[in-house]
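Encoded as structure tokens, the structure appears first; notes follow it.
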Amino acid sequence: MAMSYTTRFWTLFIINLVISLALAYTGYWLLMAMLGLIIGYVLNANKALSTFICTGVSGLIGVLASIFTNPYAIYDGEVTAAIIGLPYSIIGSIILLIITLLIALTLSGLGGLVGHYARKLTRH
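Residue numbers (UniProt numbering): 1 to 124.
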């Protein structure tokens with residue numbers, strides 16, 4: 001019996017979330033783009049936004065969770081912010097956190113979009 005789209009979406013979302021968390025925790029979070037490419041191809045979504053949400057948001061949550069597993073993440077962010085010229089406070093750390101999360105969302109989501117459009121090109 002064929003799996004419904006909603007079931008496939010949430011199954012792939014959870015798989016992507018777990019693997020993204022493992023990749024980010026081990027330091028290989030750039031490989032989330034390749035994971036997104038595979039998930040985007042397998043998802044077979046009608047809309048590209050659905051693929052971006054499935055791959056991008058789960059990658060973003062995985063990176064965020066791996067950042068907060070480090071007890072010194074906020075302090076390290078403050079030091080890095082001071083080195084690059086941002087305010088040496090929690091504000092500088094939050095700015096770096098937002099930039100990092102946007103990069104993770106972009107990598108995962110764009111990988112998913114490439115997979116989505118690769119499937120569209122190979123199926124038509």
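Note that the Cβ used here is the ideal one computed from N, Cα and C, for glycine as well.
Computed from a predicted model, the values in this text were never measured in an experiment.
- In the DSSP annotation of this structure, THR55 is not part of any alpha helix (DSSP H), being labelled neither H nor E.
- ALA2 has its alpha-carbon roughly 32 Å from the corresponding atom of VAL63.
- Taken through DSSP and simplified to helix, strand or coil, GLY109 comes out as helix.
- In this structure, the beta-carbon distance from HIS116 to ALA45 falls below 8 Å.
- The residue among LEU102, LEU113, ILE90 and LYS120 with its C-alpha nearest the C-alpha of THR55 is LEU113.
- In this structure the stretch 94-103 does not lie against the stretch 12-24, because fewer than three pairs of beta carbons, one per stretch, are closer than 8 Å.
- About 7 Å separates the Cβ atoms of LEU105 and GLY59, confirming a contact at the 8 Å cut-off.
- Runs of the alpha helix (DSSP H) spanning 4 or more residues and lying entirely within the stretch 27-87 occur at 32-43, 48-52, 58-68 and 73-84, in chain order.
- Residue SER108 holds the alpha-carbon nearest to the alpha-carbon of LEU37 among LYS120, LEU121 and SER108.
- Leaving aside the five residues that flank TYR41 on each side, the residues in its chain whose CB is nearer than 8 Å to its CB run, in chain order, GLY115, HIS116, ALA118 and ARG119.
- Rounded to the nearest whole angstrom, the C-alpha separation of ILE83 and ILE103 is 20 Å.
- SER93 carries a helical assignment under DSSP once its states are collapsed to helix, strand and coil.
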